[in-house]
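Numbering (UniProt numbering), first residue to last: 1 to 204. The C-beta atom is built at its ideal place from N, Cα and C for all residues, glycine as well. A quick note: this is a predicted structure, and the numbers were derived from the prediction, not measured.
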Amino acid sequence: MAEFEEDAKKDFDLEVVEVNFRESLKEDHDVDLKCYLRAYSELARFFRLCGTLFYFVAKDLEGKINVITDLMQKNNQSYCTVRALMLQEASSSQRPGACALLRLHRALELILQFMARLSKSSDDERTSDIAAEVYKNTMAKHDTWLVQKLAGFAMYTLPSRKTLIETMCKQDYEQSSLLVQRATEAGKPVFDAIELEFTSRGMN
């Protein structure tokens, strides 16, 4: 069995995730893409920090982030928010931004559910069991058989809640435990706003 890499303290920053998710949600329930991608880039970095078995997850998320970032750099006004992106690509046969965002959106459902469960679990509970259950209820229905097997093998290496938080997070254990809950609460309305945009266009 491969082991979770816990030989060195990592610096995953949940505060970056929380702050940028909160700042991304606009008053009209649109989502600012710059802030959204900042939060997501930190989440993607978490998977990269988890070690070799999670690189394929990090690489996939980073690839989708880069697609949207490139579109923003070429035409910022049309890709400054989720709604603007949707409107820009509504009449196009090719929807690179929407397709990339949909993949990120589906993964965010898994991440938020995992963090919500993590915030309520005991210190000794294995996060591998939590991740496997959440994955089955979210991303598994969109992934190929091969990706499902790779994900299952990677999740099997995850340690207890306490070990995961102490090893991965920049903040101390108590602060990180609180930030898990706060980041989840900040991300949920963002997820809901994007879900509404996809649902209203029959793209979810």
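Go through its chain and collect everything with a Cβ distance to residue i's Cβ below 6 Å, but skip five positions before and after it.
i	result
residue 128	155, 156, 158
residue 39	17, 20, 21
residue 124	160
residue 182	18
residue 8	At residue 8, the pLDDT of 49 sits below 50, so the modelled position is not reliable; the number obtained from the coordinates is stated separately. Contacts found: none.
Using beta-carbon positions only, say whether residue i and residue j come within less than 7 Å of one another.
i	j	result
residue 65	residue 41	yes
residue 24	residue 31	yes
residue 12	residue 169	yes
residue 97	residue 87	no
residue 179	residue 14	yes
residue 126	residue 160	yes
residue 184	residue 72	no
residue 82	residue 195	no
residue 186	residue 29	no
If you draw a straight line from the C-alpha of residue i to the C-alpha of residue j, how long is it?
i	j	result
residue 188	residue 165	21 Å
residue 56	residue 90	30 Å
residue 1	residue 53	Confidence at residue 1 is low in this model, with a pLDDT of 39, below 50, so the placement of that residue is unreliable and no value is reported for it.
residue 153	residue 171	28 Å
residue 132	residue 104	19 Å
residue 147	residue 101	19 Å
residue 61	residue 67	10 Å
residue 122	residue 175	16 Å
residue 163	residue 173	10 Å
residue 45	residue 58	7 Å
residue 94	residue 75	16 Å
residue 99	residue 63	12 Å
residue 202	residue 117	29 Å
Residues in its own chain within less than 7 Å of residue i by CB, not counting five upstream and five downstream?
i	result
residue 113	134, 138
residue 49	10, 12, 168
residue 78	84, 88
residue 35	20, 23, 24
Excluding the 5 residues preceding and the 5 following residue i in the sequence, name in chain order all residues of the same chain whose CB lies nearer than 8 Å to its CB.
i	result
residue 69	37
residue 106	138, 139, 142
residue 26	32, 81
residue 191	105, 108, 109, 112
For the alpha helix (DSSP H) that residue i lies in, which residues bound it at each end?
i	result
residue 59	55–74
residue 177	173–200
residue 25	Unbroken run through residue 25: none, as it is neither H nor E.
residue 40	33–49
residue 153	145–155
residue 114	96–120
residue 90	Premise fails: residue 90 is in no alpha helix (DSSP H) and is neither H nor E.
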